[in-house]
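Peer 1:
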Amino acid sequence: MSNGLGWHKPPGLPSHGTIGIVAPAGPVDADLLRVGESALAEMGFRTVRSPHLFAREHYLAGPDAIRAMDMAQMFLDPEIDAIVVARGGFGCSRILPHLEELLPSVVPKILVGFSDVTALHLWLLRHGIITFHGPVAAGRYPWTPQTKDAFLRAVQDPGALGRVPHPRQAPPRISLHDGCARARIVGGNLSLLCASLGTPYEVVLDDHILFLEDVGEPMYRIDRMMTQLLQTGKLDRIRGMVLGEFLDCPEYAGRDAVAVIGTFARELDVPCFAGVAAGHGMHRITLPLGVEVEMRGEECELEILESAVNAAQ
Numbered sequence: 001m002s003n004g005l006g007w008h009k010p011p012g013l014p015s016h017g018t019i020g021i022v023a024p025a026g027p028v029d030a031d032l033l034r035v036g037e038s039a040l041a042e043m044g045f046r047t048v049r050s051p052h053l054f055a056r057e058h059y060l061a062g063p064d065a066i067r068a069m070d071m072a073q074m075f076l077d078p079e080i081d082a083i084v085v086a087r088g089g090f091g092c093s094r095i096l097p098h099l100e101e102l103l104p105s106v107v108p109k110i111l112v113g114f115s116d117v118t119a120l121h122l123w124l125l126r127h128g129i130i131t132f133h134g135p136v137a138a139g140r141y142p143w144t145p146q147t148k149d150a151f152l153r154a155v156q157d158p159g160a161l162g163r164v165p166h167p168r169q170a171p172p173r174i175s176l177h178d179g180c181a182r183a184r185i186v187g188g189n190l191s192l193l194c195a196s197l198g199t200p201y202e203v204v205l206d207d208h209i210l211f212l213e214d215v216g217e218p219m220y221r222i223d224r225m226m227t228q229l230l231q232t233g234k235l236d237r238i239r240g241m242v243l244g245e246f247l248d249c250p251e252y253a254g255r256d257a258v259a260v261i262g263t264f265a266r267e268l269d270v271p272c273f274a275g276v277a278a279g280h281g282m283h284r285i286t287l288p289l290g291v292e293v294e295m296r297g298e299e300c301e302l303e304i305l306e307s308a309v310n311a312a313q
């Protein structure tokens with residue numbers, strides 16, 4: 001996945017560091033953004049908005065070239081310690097060719113977001129850079145204490161992160177297939193992973209543990225996307241599957257998203273459990289991607305065996 005370059009961790013986010021907020025996908029709600037900025041300020045961080053943060057072009061936050069330029073500037077600006085995406089939606093995949101031109105050599109920097117931001121995570125992972133599936137700045141839910149704690153640990157702790165926490169208010173985790181696996185974890189939004197297939201930014205899953213989440217998808221689409229991954233050979237060499245939240249994916253004929261994906265895990269004979277509080281729900285645990293983890297299917301445990309960042313500069 002890292003094109004033979006090895007894996008690169010970004011510098012940790014220093015206390016009172018500067019976070020850039022950029023909109024590479026859908027248009028930004030100003031009220032929701034203020035809530036997110038307040039949460040980041042309460043944690044001691046300064047925030048800087050990208051120049052065209054409130055641009056709008058139909059269902060996008062401005063033209064592709066503009067959104068890509070704002071993202072590239074955040075990566076290039078030495079005063080920006082980390083980037084938190086304003087929101088998902090749609091559009092990140094469209095700017096990847098522009099980013100390849102603007103950033104032929106990507107400097108490792110913390111990038112946090114989820115949903116459509118999966119496209120950006122895949123792009124960074126292709127460059128061998130650890131990235132962060134986590135909360136956005138102008139999301140549907142405010143940052144809970146659990147969201148803040150997990151974010152700070154992931155982007156600041158230079159030591160092994162250990163077990164991924166499970167908020168007490170979240171639904172219990174569910175074991176879908178027993179077994180243990182140790183490998184690097186990759187993945188994100190199931191729809192975006194499937195959309196990457198056949199592109200230069202295609203997800204690489206061989207010898208990795210696959211993390212999945214999604215929102216608003218009916219069961220037949222969950223089944224179809226998993227079948228696509230299976231039939232393209234993407235699941236042939238995965239070591240295991242960890243499922244995050246599948247929010248607003250209604251049951252059909254007594255089956256939910258977890259049950260559907262569980263059938264694939266059992267067919268593949270890989271450990272699998274569901275219920276990690278990462279995705280579109282309320283708590284949004286920050287999960288580093290590209291780091292080495294150990295999962296235990298029967299115990300529903302996910303342990304991160306290393307840091308996701310280098311010591312802050």
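Numbering-wise (the working numbering), the sequence shown opens with residue 1 and increments by one. Beta carbons: idealized from backbone N, C-alpha and C, even for Gly.
Quick check on the DSSP output: the beta strand (DSSP E) that includes SER175 runs from which residue to which?
Peer 2: 174 to 177
Peer 1: So what does TYR252 bridge to, in DSSP terms?
Peer 2: Listed as beta-bridge partners of TYR252 by DSSP are ARG255.
Peer 1: Are at least three pairs of beta-carbons, each pair with one atom in the segment 129 to 143 and one in the segment 108 to 121, less than 8 Å apart?
Peer 2: yes
Peer 1: Going by DSSP in three states, GLY188 sits in which element: helix, strand or coil?
Peer 2: strand
Peer 1: Please determine, among CYS300, GLY12, HIS8, the residue with the shortest C-alpha to C-alpha distance to ARG163.
Peer 2: Looking at CYS300, GLY12, HIS8, the one whose alpha-carbon comes closest to that of ARG163 is CYS300.
Peer 1: Grab the span of the beta strand (DSSP E) containing LEU212 for me, first residue to last.
Peer 2: 208 to 215
Peer 1: Please classify PRO200 as buried or exposed, where buried requires at least 16 other C-beta atoms within 10 Å of its C-beta.
Peer 2: exposed
Peer 1: In chain order, what residues of the same chain have a beta carbon less than 6 Å from the beta carbon of MET71, not counting five sequence neighbours either side?
Peer 2: Once the five neighbours on either side are set aside, the close Cβ partners of MET71 are VAL22, PRO24.
Peer 1: Could you compute how far the alpha carbon of PRO172 sits from the alpha carbon of GLY159?
Peer 2: 27 Å
Peer 1: Specify the secondary structure class of PHE151 as computed by DSSP and reduced to three states.
Peer 2: Reduced to three states, the DSSP call for PHE151 is helix.
Peer 1: Quick one: Cα of ARG87 to Cα of LEU53, how far?
Peer 2: 11 Å
Peer 1: Between which two residues does the alpha helix (DSSP H) holding THR227 run?
Peer 2: 219 to 231
Peer 1: What's the gap between the Cα of PRO142 and the Cα of GLY36?
Peer 2: Straight through space, the alpha carbons of GLY36 and PRO142 are spaced by roughly 7 Å.
Peer 1: Going by beta carbon distance, what residues of the same chain come within less than 7 Å of ALA311, once the five residues before and after it are set aside?
Peer 2: Within the same chain, ALA311 has close Cβ partners GLY12, PRO158.
Peer 1: Roughly how many angstroms lie between the CA atoms of VAL48 and HIS283, to the nearest whole one?
Peer 2: 24 Å
Peer 1: Please go through the same chain and pick out, in chain order, the residues whose beta-carbon is closer than 6 Å to the beta-carbon of HIS16, but skip the five residues on each side of it.
Peer 2: Excluding the 5 residues flanking it on each side, HIS16 has same chain C-beta neighbours closer than 6 Å at GLY44, in chain order.
Peer 1: Which residue marks the beginning of the beta strand (DSSP E) containing GLY36, and which one marks its end?
Peer 2: For GLY36, no beta strand (DSSP E) run applies; the uninterrupted alpha helix (DSSP H) run containing it begins and ends at 30 to 42, by DSSP.
Peer 1: Alpha carbon to alpha carbon, what distance is there between GLU298 and THR286?
Peer 2: Rounded to whole angstroms, THR286 to GLU298 spans 23 Å at the Cα level.
Peer 1: Mind checking HIS208: buried by the 16 CB within 10 Å criterion, or exposed?
Peer 2: buried
Peer 1: In its own chain, which residues sit with a C-beta less than 7 Å from the C-beta of ARG153, not counting the 5 before and 5 after it?
Peer 2: LEU161
Peer 1: Hey, out of MET69, HIS121, GLY139, ARG266, whose CA is closest to SER38's CA?
Peer 2: GLY139
Peer 1: List, from N- to C-terminal side, the alpha helix (DSSP H) runs of 4 residues or more that fit wholly inside the segment 82 to 142.
Peer 2: 92 to 102, 118 to 126
Peer 1: Going by DSSP in three states, CYS300 sits in which element: helix, strand or coil?
Peer 2: coil
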